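Notes for the one structure printed next.
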Amino acid sequence: MQKENTSIDLISCGKTFKDGTRALEKINLNIKGGETVVLLGPSGCGKTTLLRIIAGLEEPDDGGQVIFNKENVTKLLIEKRNVGMVFQSYALFPNMNVKENIGYGLKVRKLDTKQIDDRVSEMLNMMSINDLSFRTIDQLSGGQRQRVALARAIAVRPRVLLLDEPLTALDAILRDRLRVEIDSLLRSLGITAIYVTHDQSEAMALGDRIVVMSDGKISQIGTPRNIYFHPENEFVADFIGTINRISGNNLKKFVSFEGQELLFRPEDIEIVEEKNSHITGIVKASFFLGEKTRLIVNYNSTEQLSVEGKFKEEYKIGSEISLRINTDALIELPK
Amino acid sequence: MAKKQNFILQLIFTLLVCSFLIIPVFLSALAGITENFFVGIKSGFTLRWVFEVLDLYSETIYLSLIIAIACLLVTLIIGIPAAYVLARIGGRVSRIIEETIVLPVAIPGLAIALALIIIYGGYRDFRSSWYFILVGHILFTLPFMVRSVLAVLSSTNFKELEEGAASLGAPFWTRFLTIVLPNIKPGILAGSLMVFTLSIGEFNLTWMLHTPITKTLPVGLADSYASMRLEVASAYTLIFFIMIIPLLLGMQFLSRKKN
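Line by line, the protein sequences give chains A and B. Under my numbering, the residue at position 12 of the first sequence is numbered -5, and the numbers go up by one with no gaps. Under my numbering, the residue at position 85 of the second sequence is numbered 1153, and the numbers go up by one with no gaps.
And the structure:
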């Protein structure tokens, strides 16, 4: 669709609100053209503020710069930036039907009626919402609204697509389905996209790269694998996936880990026979999740591990199990 | 059976309350088309009094309509942007300003009229024109427009809608005209009907502000009750009803549609 994809450079973009709250520390970030970058973090980490700065809905503090393809757009209002935006609440116009909503950006750009009609039908087809053309917004379900919002945002062929927690308002099944749709849509458009979410599985599934944020700062930037397997700090290790911590002193037969704290994922600790085990524990809770069973195991009076049970096996609460850690997969945080 | 009895009791009560409210109105309207009210209905019906009123007081009716229309236009032009700005600012400042705008409703009309006369009374031409009354009406009706628009604005997420429109390339005026205004239409309509009705019926302020050549309908009405036959005054009231009832019905219809 787009001949040349827009790259985005953020140069020392910070944001302090009028009341003095510091939402964002000075941040530098480069997003390559055509890349999907996910801003991931807990609420209040500054991810939405960063997105709004890129969109042009907020201006960065003095000194901050937003660059689209070497063009400095810092002072450019959002209506001049040619970005497509999908809001958490969709922000569809209740005074217009689906077609009019999708065509709004084109009408504002003063395209002629024929062109608008063609592009709107193209979008309706693409999102398979042809049947909804003449519905008003209050006649749509959550998932349908989401599709209309996406269609409206990409109808204007934006340089950059910005999505602010677009799936948060939907139920779990719909969320999974739309996640797949958004993923294939972004791949087929090849557009530069920035996606904000607090849901790590969404981030993992969609992002070429993930920017993990906390307290207005970037904690780590990397591919989903990179971030999962090589977290660079405590925050990322704890926020992405589940992590187990155990003191090396607690292990049997492994003197080499004396005095060290070991970090590993639940899938890297295995239930084994007693003679091969590093540690024994008592099953405290067992959660059957369908494709797997997640066990919470007490290995001394206070400390717990998350462990994956063997496929299809049931575990009684209170029973004793022996565990072996896959010591090749230990996560090391840089000092 | 008990349920049915209950229903009948409730119905009777409701009808009693209604008749308490309606009978005086009905009698007044009836008096306007009776030949001689003191003789009673048997004296026969006539439209004589109505025509007499139209003959004597048509100018007050016109003036009332002109003032109401002018008042509506001004409150639309001032009130909608005011409500929009208040909703945008939000917080305590916005609430203080809103309360200040509403203040004239709480102050007796006579006091406001007196204040207006003290301030502007010296400007002879202004004092003797209907614009003077218009100013009073605007002061009194503006809060109703602002409040009604503000209520709808705060119940829609217009800020996000505007951001959505902006992201699609719409500059401020396009957003305001194509997104904000259409979505607050119910508030504007309700406010408009309210302002128009209040302006037409306003007496307190107007009675103080009027001059012999700038009499509005309610002032003329007071006049006719004081100096004319009861039938004439009643016919005058009847005309007032005919003007105001469609407006009240419209208001009712709008508020029902909203629910």
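All residues carry an ideal CB built from backbone N, CA and C; glycine is no exception. These numbers come from a predicted model, not from an experiment.
Identity of the residue in the options nearest residue i by Cα
i, options, result
"Thr(-1)/A", "Leu7/A, Leu75/A, Asp(-8)/A", "Leu7/A"
"Thr119/A", "Ser111/A, Val131/A, Ile308/A", "Val131/A"
"Glu291/A", "Phe271/A, Gly126/A, Asn283/A, Thr285/A", "Phe271/A"
"Gly16/A", "Asn209/A, Asn233/A, Arg192/A, Thr32/A", "Arg192/A"
"Ile137/A", "Ala220/A, Ile85/A, Asn209/A, Ile254/A", "Ile85/A"
"Pro1280/B", "Leu1298/B, Glu1127/B, Ile1146/B, Leu1249/B", "Glu1127/B"
"Asn65/A", "Cys28/A, Ser(-10)/A, Cys(-4)/A, Pro141/A", "Pro141/A"
"Pro25/A", "Glu256/A, Gln243/A, Thr180/A", "Thr180/A"
"Ala268/A", "Tyr87/A, Ile300/A, Thr285/A", "Ile300/A"
"Gly1232/B", "Ala38/A, Arg158/A, Ser116/A", "Ala38/A"
"Gln183/A", "Gln98/A, Val194/A, Gly(-3)/A, Gln243/A", "Val194/A"
"Pro43/A", "Cys28/A, Val20/A, Ile10/A", "Ile10/A"
"Asn233/A", "Leu189/A, Ser116/A, Ser260/A, Ile254/A", "Ser260/A"
"Val81/A", "Glu253/A, Leu33/A, Ile112/A", "Ile112/A"
"Val1142/B", "Ala1179/B, Gly1177/B, Val1203/B, Met1319/B", "Val1203/B"
"Tyr73/A", "Gln129/A, Lys275/A, Glu257/A", "Gln129/A"
"Ser1223/B", "Lys97/A, Ile156/A, Pro77/A", "Pro77/A"
"Lys1253/B", "Tyr1152/B, His1205/B, Trp1198/B, Ser1087/B", "Tyr1152/B"
Rounded straight-line distance, which links the Cα of residue j to that of residue i
i, j, result
"Ser305/A", "Ile265/A", "9 Å"
"Tyr1293/B", "Ile1313/B", "21 Å"
"Val91/A", "Ala1238/B", "6 Å"
"Gly1288/B", "Thr1282/B", "10 Å"
"Ile1169/B", "Tyr1130/B", "29 Å"
"Lys293/A", "Asp221/A", "24 Å"
"Gly1040/B", "Arg1195/B", "The requested residue 1040/B does not occur in the structure, where chain B is confined to residues 1069 to 1327."
"Lys1/A", "Glu1167/B", "25 Å"
"Leu1084/B", "Ala1290/B", "29 Å"
"Ile1247/B", "Ala1234/B", "10 Å"
"Arg162/A", "Leu150/A", "8 Å"
"Tyr1304/B", "Glu1120/B", "9 Å"
"Leu320/A", "Arg1156/B", "The first residue shown for chain A is -16 and the last is 318, placing residue 320/A beyond what the model contains."
"Asn1251/B", "Leu1144/B", "16 Å"
"Ile1310/B", "Leu1316/B", "11 Å"
"Glu18/A", "Tyr282/A", "44 Å"
Any C-beta of chain A under 7 Å from that of residue i
i, result
"Leu1277/B", "no"
"Gly1189/B", "no"
"Gly1255/B", "no"
"Ile1146/B", "no"
"Ser1132/B", "no"
"Ser1235/B", "yes"
"Gly1232/B", "yes"
Simplified DSSP state of residue i, which is helix, strand or coil
i, result
"Phe325/A", "In the structure as shown, chain A begins at -16 and stops at 318. Residue 325/A is therefore absent and cannot be evaluated."
"Lys15/A", "coil"
"Ser1216/B", "helix"
"Ser230/A", "strand"
"Glu42/A", "coil"
"Asp311/A", "helix"
"Phe247/A", "strand"
"Phe70/A", "coil"
"Asp(-12)/A", "It is worth fixing the name first, because residue -12/A is Asn in this sequence and not Asp. Note: Asn(-12)/A maps to coil in three-state DSSP."
"Glu105/A", "helix"
"Val143/A", "strand"
"Ile1281/B", "coil"
"Gly(-3)/A", "strand"
"Ser202/A", "strand"
"Glu286/A", "coil"
"Ser1323/B", "helix"
"Ala176/A", "strand"
"Leu22/A", "strand"
"Gly301/A", "coil"
"Ser1223/B", "helix"
"Glu8/A", "strand"
"Met187/A", "helix"
Cβ of residue i within 7 Å of any chain B Cβ
i, result
"Glu62/A", "yes"
"Phe70/A", "yes"
"Ala6/A", "no"
"Phe51/A", "no"
"Leu40/A", "yes"
"Ala134/A", "no"
"Ala176/A", "no"
"Val139/A", "yes"
The ligand SAM heavy atom lying under 6 Å from the CB of residue i
i, result
"Thr151/A", "Inclusion of the ligand SAM in the displayed structure is not the case, the ligand content being empty and no account of it being possible."
Hey, is the segment 1218 to 1227 of chain B in contact with the segment 59 to 67 of chain A, meaning 3+ C-beta pairs nearer than 8 Å?
-> Touching, no.
Meets three-Cβ-pair contact criterion under 8 Å: the segment 1263 to 1277 of chain B and the segment 1091 to 1106 of chain B = A contact is defined here as three or more CB-CB pairs under 8 Å, and the segment 1263 to 1277 of chain B fails this definition with respect to the segment 1091 to 1106 of chain B.
Touch test, the segment 1159 to 1170 of chain B against the segment 1226 to 1237 of chain B, Cβ-Cβ under 8 Å, three pairs minimum | Touching, no, given that fewer than three Cβ pairs across the two stretches are closer than 8 Å.
If you pair each beta-carbon of the segment 1132 to 1147 of chain B with each one of the segment 1257 to 1265 of chain B, do three or more pairs fall below 8 Å?
-> In the pairwise beta carbon analysis, the segment 1132 to 1147 of chain B is classified as touching the segment 1257 to 1265 of chain B: at least three pairs are separated by under 8 Å.
Counting Cβ pairs, one atom from each stretch, are 3 or more of them under 8 Å apart for the segment 199 to 215 of chain A and the segment 44 to 54 of chain A?
-> With the rule of 3 Cβ pairs closer than 8 Å, the segment 199 to 215 of chain A does not count as touching the segment 44 to 54 of chain A.
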